[in-house]
Amino acid sequence: MISAYLFFKGNCAEAMKFYETATGGKIDMMMPHAGTPMEKDMPPEWKDKIMHASMKIGDTWLMASDAPPDFQSEFGGFSVAMEAKTPEEAERVFKALSAGGKVRMPMEETFWAHRFGMLTDKFGVPWMVGNSKPM
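Under the working numbering, the residues of the sequence shown are numbered 25 to 159, in order.
Next comes the structure, spelled out in structure tokens:
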């Protein structure tokens, strides 16, 4: 199994709650640095930032954390891909994820999918959402 692990610049909790609502997934864990052995290594303003979060979406996992300033980078060179069970679910998820973000390819029918679209969400994370046709 391969899972995506995203590093945010301090807004991981907000992003994961947004993804939970948008995808219909369920957050399994949201652990801040506070109360862990890592707390002592974090600046005081980062103690409530997320050390690790995980969410189950269908049969897969999306994981994330807040990256301290010295470890931050921009998202690029990948997309989180989500396969919806129905065209209607693909439309709903795409619309929800694109709120406040930027559509890179509108949701449409393609030769490989009943519905497929690409977007960058309001957190800067690129997504591909689709409902594939049988090949």
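Glycine included, each C-beta is placed from N, C-alpha and C at the ideal position. Keep in mind that this is a model prediction, so the values were computed, not measured.
DSSP state of T60 mapped onto helix, strand, coil: coil
Who does G154 pair with in a DSSP beta bridge? E107, F140
Taking only the alpha-carbon atoms, compute the straight-line gap between E63 and K71 and give it to the nearest angstrom. 6 Å
What distance in whole Å lies between the Cβ atoms of M79 and K50, which are believed to be in contact at a cut-off of 8 Å? 6 Å
Cutoff 8 Å; reference A120; Cβ partners in own chain excluding five residues on either side: T45, A46, T47
Quick one: grab the DSSP three-state call for S122. helix
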